[in-house]
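Have a look at the structure below before the remarks.
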Amino acid sequence: MDVVINGEHKEIRGGTLLEVLAELELDPRAVVVEHNRKIVRRPALNEVAVASGDAIEVVHFVGGG
Amino acid sequence: MTTAVETIRDEPLTIGGRTFQSRLMVGTGKYRDMDTMAHAIEASGAEVVTVAVRRVNLDRSKESSVLHFLDPKRFFLLANTAGCYTAADAMRYARLAREAGFNDFIKLEVIGDEETLLPDVAGLLEAAKVLVQEGFKVLAYTNEDLVTALRLEDVGCAAVMPLASPIGSGLGLLNPFSVRTIKRRLHVPVIVDAGVGTASDACVTMEQGVDGILMNTAIAAAQDPVAMAHAMRLATIAGRAAYLAGRMPRREVAMPSSPTKGMLD
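So the protein sequences, as listed, match chains H and B. Under this note's numbering, the first residue of the first sequence is numbered 1, with each subsequent residue one higher. Under this note's numbering, the first residue of the second sequence is numbered 1001, with each subsequent residue one higher.
So, in structure tokens, the structure goes:
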């Protein structure tokens, strides 16, 4: 299915957010996920299913002042 | 090297219920490499380090996270909302940062102008108010305007962070009077954030009596960031010690240090 992850269209297998993170080889403990502008807390990542056209943001901490 | 810090009688710095030994806080941005950053932060003696919230680079996520190079158990991570130009954006970044799970502190920035990176105080107050209600400990980056600082305290900010001069400018403390006034009038800690260029700037800033200082570029963009971090550590301690010691009054005329009596005929 086609979703927008971090602003880019991506073709993924889909499933729950936790499964999408695994597909992207991202450690769920090291990132924070926003699904269609709503933050999904870590324990709920395996409860939220991703649908075609969804917007997903995956963020973490980088250097900053 | 001994620095005689043991002779300073000082209270530790407490912000939002957390106590910190170091009054110097440092950023983690703009270093030429992450190894230099880690060593510089070590040399600075800082406990509080700022970080930014950004999209994961999907191709190389591990290398791009600052936590790969900084132990979050050793340092207090203070996330910022840098780059946000509206209250709504800043609140979105703050909520994402809190979800990372380290603490509920946020260095709130709502920028109003691209050239100067000066804050949008209306947006800042709006975001601060909401975030405080949501339980955040808000450290608000602001300009050196007393009334804005008072309003930020009124809405419940845990600390107010007036600038010394624009972010990344290295111009030093441009308005000591205003910063001193803010410190005198506020009850919450005042941390000067941004604009320091070299060690003397940090020292002069701390001599105003403020509770702490936050810097990034002055260390990261120095020719030797690790050495500059060490200098900043000493300057922050020296400035604080001088403030606590209480400087002599200024005089417009000289006064001899040696006795005027007992001179030969």
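For every residue, glycine included, the Cβ atom is placed at its ideal position computed from N, Cα and C.
- Query: Cα-Cα, which of B/A1242, B/R1240, B/L1234, B/P1256 is closest to B/A1043?
  - Reply: On the second sequence, position 43 is the one that residue 1043 of chain B refers to. Nearest C-alpha to B/A1043: B/L1234.
- Give the secondary structure of B/T1002 by DSSP, where H, G and I count as helix, E and B as strand, and everything else as coil. For the purposes of this step, residue 1002 of chain B is taken as the residue at position 2 of the second sequence. Bear in mind that the predicted position of B/T1002 carries a pLDDT of just 47, short of 50, making it unreliable; the figure below should be weighed with that in mind. Coil.
- Item | Short-range partners of chain H found in the stretch 1024 to 1051 of chain B, where Cβ spacing is below 9 Å | V1026, G1027, T1028, G1029, K1030, Y1031, M1034, M1037, T1050, V1051
- Distance, Cα to Cα, B/L1058 vs B/F1177? Locating residue 1058 of chain B in the second sequence gives position 58, where the first residue counts as 1. Locating residue 1177 of chain B in the second sequence gives position 177, where the first residue counts as 1. Rounded to the nearest angstrom, the two C-alpha atoms are 47 Å apart.
- Could you please give the first and the last residue of the uninterrupted beta strand (DSSP E) stretch that includes B/L1077? Locating residue 1077 of chain B in the second sequence gives position 77, counting from the first residue. Residues 1076 to 1080.
- Under 9 Å Cβ-Cβ, which residues of chain H neighbour B/R1247? Position 247 of the second sequence, counted from the first residue, corresponds to residue 1247 of chain B. Near B/R1247 there are no residues of chain H at all, since even the closest Cβ is about 30 Å away, more than 9 Å.
- If B/Q1096 sits next to H/V32, beta carbons under 8 Å apart, how far is it from one beta carbon to the other, in whole angstroms? One-based indexing of the second sequence puts residue 1096 of chain B at position 96. One-based indexing of the first sequence puts residue 32 of chain H at position 32. First, the amino acid is wrong: residue 1096 of chain B is Leu here, not Gln. Yes, B/L1096 and H/V32 are in contact; Cβ-Cβ is about 5 Å, under 8 Å.
- Task: Might you give, ordered along the chain, the residues of its own chain that have their beta carbon closer than 7 Å to the beta carbon of B/S1169, omitting 5 neighbours on each side?
- Result: Indexing the second sequence from 1 puts residue 1169 of chain B at position 169. Around B/S1169: G1195.
- CB of B/M1215 within 7 Å of CB of B/I1191, strictly: Taking the second sequence and counting its residues from 1, one reaches residue 1215 of chain B at position 215. Taking the second sequence and counting its residues from 1, one reaches residue 1191 of chain B at position 191. No, Cβ-Cβ distance for B/M1215 and B/I1191 is not below 7 Å.
- Report yes if the C-beta distance between B/T1236 and B/A1202 is below 7 Å; otherwise report no. Stepping through the second sequence from its first residue, residue 1236 of chain B is reached at position 236. Stepping through the second sequence from its first residue, residue 1202 of chain B is reached at position 202. Yes, the Cβ-Cβ distance between B/T1236 and B/A1202 is below 7 Å.
- Is B/A1164 buried or exposed, if buried means 16 or more other CB atoms sit within 10 Å of its CB? Start at 1 with the first residue of the second sequence, and residue 1164 of chain B comes out as number 164. Answer is buried; the Cβ neighbour count reaches 16.
- Query: Quick one: does B/R1095 have its CB under 7 Å from some CB of chain H?
  - Reply: Taking the second sequence and counting its residues from 1, one reaches residue 1095 of chain B at position 95. Yes, its Cβ sits closer than 7 Å to a Cβ of chain H.
- Message: Among the candidates B/L1131, B/L1171, B/R1180, B/N1175, whose CA atom is the shortest distance from the CA of B/G1156?
- Response: If you number the second sequence from 1, residue 1156 of chain B lands on position 156. It is B/L1131 whose Cα lies nearest to the Cα of B/G1156.
- Item | Helix, strand or coil at H/E8 according to DSSP, with G and I counted as helix | As a position in the first sequence, residue 8 of chain H is number 8, starting the count at 1. Note: H/E8 maps to strand in three-state DSSP.
- Task: In the DSSP assignment, find the unbroken beta strand (DSSP E) run with B/A1193 in it and report its ends.
- Result: Translated into the one-based positions of the second sequence, residue 1193 of chain B becomes position 193. The sequence as given places Asp at residue 1193 of chain B; Ala does not occur at that position. Segment 1191 to 1193, the beta strand (DSSP E) holding B/D1193.
- In the structure shown, what three-state DSSP assignment does B/A1158 receive? Here the question's residue 1158 of chain B lines up with position 158 in the second sequence. B/A1158: coil per DSSP, three-state reduction.
- Query: Under a three-way DSSP split, which group does B/K1107 fall into?
  - Reply: Within the second sequence, the letter at position 107 stands for residue 1107 of chain B. B/K1107: strand per DSSP, three-state reduction.
- Task: Would you kindly check if the distance between the Cβ of B/G1123 and the Cβ of B/V1138 is under 7 Å?
- Result: What you label residue 1138 of chain B is simply residue 138 of the second sequence in a count that begins at 1. What you label residue 1123 of chain B is simply residue 123 of the second sequence in a count that begins at 1. No, these two residues do not count as a Cβ contact at 7 Å.
- Tell whether a beta-carbon distance below 7 Å holds between B/A970 and B/A1040. Residue 970 of chain B falls outside the range modelled here, since chain B spans only 1001 to 1265, and no answer is possible.
- Message: Can you check whether the C-beta of B/T1002 is within less than 7 Å of a C-beta belonging to chain H?
- Response: Taking the first residue of the second sequence as 1, we reach residue 1002 of chain B at position 2. Low confidence applies to B/T1002: its pLDDT is 47, below 50, so where it sits in the model is not reliable enough to give any reading.
- Message: Given this structure, state the Cα-to-Cα distance separating B/M1034 from B/V1066, to the nearest angstrom.
- Response: Residue 1034 of chain B sits at position 34 when you count from the first residue of the second sequence. Residue 1066 of chain B sits at position 66 when you count from the first residue of the second sequence. B/M1034 and B/V1066 have their C-alpha atoms roughly 8 Å apart.
- Item | Beta-carbon spacing of B/T1198, B/L1146 below 7 Å | Reading the second sequence from its first residue, position 198 is the one you call residue 1198 of chain B. Reading the second sequence from its first residue, position 146 is the one you call residue 1146 of chain B. Taking 7 Å as the Cβ cut-off, B/T1198 and B/L1146 do not qualify as a contacting pair.
- Message: Which of the three DSSP states is assigned to B/K1137 in this structure?
- Response: On the second sequence, residue 1137 of chain B is found 137 positions in, with the first residue counted as 1. Of the three classes helix, strand and coil, the one that applies to B/K1137 here is strand, per DSSP.
- Task: With 9 Å as the C-beta to C-beta threshold (strictly closer), list the residues of the stretch 1213 to 1224 of chain B near chain H in chain order.
- Result: L1214, M1215, N1216, T1217, A1220
- Item | CB contact below 7 Å: H/I39 versus chain B | Translated into positions along the first sequence, residue 39 of chain H becomes position 39. Residue-level contact check: H/I39 touches chain B, since one or more beta carbons of chain B fall below 7 Å from its beta carbon.
- For the alpha helix (DSSP H) that contains B/I1041, what are its first and last residues? Sequence index remark: in the second sequence, residue 1041 of chain B carries index 41 (1-based). 1034 to 1044 is the span of the alpha helix (DSSP H), which, as asked, contains B/I1041.
- Message: Just to confirm before moving on: does the CB-CB distance between B/A1127 and B/A1082 stay below 7 Å?
- Response: If you number the second sequence from 1, residue 1127 of chain B lands on position 127. If you number the second sequence from 1, residue 1082 of chain B lands on position 82. No; because the gap between Cβ atoms is not below 7 Å, this pair is not in contact.
- Message: Using a Cβ-Cβ cutoff of less than 7 Å, which residues in the same chain neighbour B/M1001 once the five nearest sequence positions on both sides are dropped?
- Response: Residue 1001 of chain B sits at position 1 when you count from the first residue of the second sequence. Low local confidence applies: a pLDDT of 46 at B/M1001 is under 50, so the model's placement there is unreliable, with the coordinate-based value given in what follows. No residues qualify anywhere along the chain.
- State yes or no: is the beta carbon of B/S1169 nearer than 7 Å to at least one beta carbon in chain H? The residue given as residue 1169 of chain B occupies position 169 in the second sequence. By this cut-off, B/S1169 is not an interface position.
- What residues of chain B sit near H/N6, judged by a beta carbon separation below 8 Å? Against the first sequence, residue 6 of chain H aligns to sequence position 6. Under the 8 Å cutoff, chain B gives R1055, V1056, L1058.
- Is there a Cβ from chain B that is less than 7 Å from the Cβ of H/L24? Looking up residue 24 of chain H in the first sequence gives position 24. It does: the Cβ of H/L24 has a partner Cβ on chain B nearer than 7 Å.
- Query: Listing by chain order, which chain B residues have their CB less than 8 Å from the CB of H/H60?
  - Reply: Taking the first sequence and counting its residues from 1, the one referred to as residue 60 of chain H is at position 60. Residues of chain B whose Cβ lies closer than 8 Å to the Cβ of H/H60 are, in chain order, V1053, R1054, V1056, S1061, S1064, S1065, L1067, A1100.
- Inter-residue CB distance, B/Y1141 and B/P1119 (contact presumed, cutoff 8 Å): Position 141 of the second sequence, counting from 1, holds the residue named residue 1141 of chain B. Position 119 of the second sequence, counting from 1, holds the residue named residue 1119 of chain B. That belief holds up - the Cβ atoms of B/Y1141 and B/P1119 are roughly 6 Å apart, short of 8 Å.
- Under 7 Å between C-beta atoms of B/K1107 and B/N1080: The count along the second sequence starts at 1 and reaches residue 1107 of chain B at position 107. The count along the second sequence starts at 1 and reaches residue 1080 of chain B at position 80. Cβ atoms of B/K1107 and B/N1080: closer than 7 Å.
- Flag H/G15 as yes if its beta-carbon sits less than 7 Å from any beta-carbon of chain B, otherwise no. Here residue 15 of chain H is taken as the residue at index 15 of the first sequence, counted from 1. Not one chain B Cβ lies under 7 Å of H/G15.
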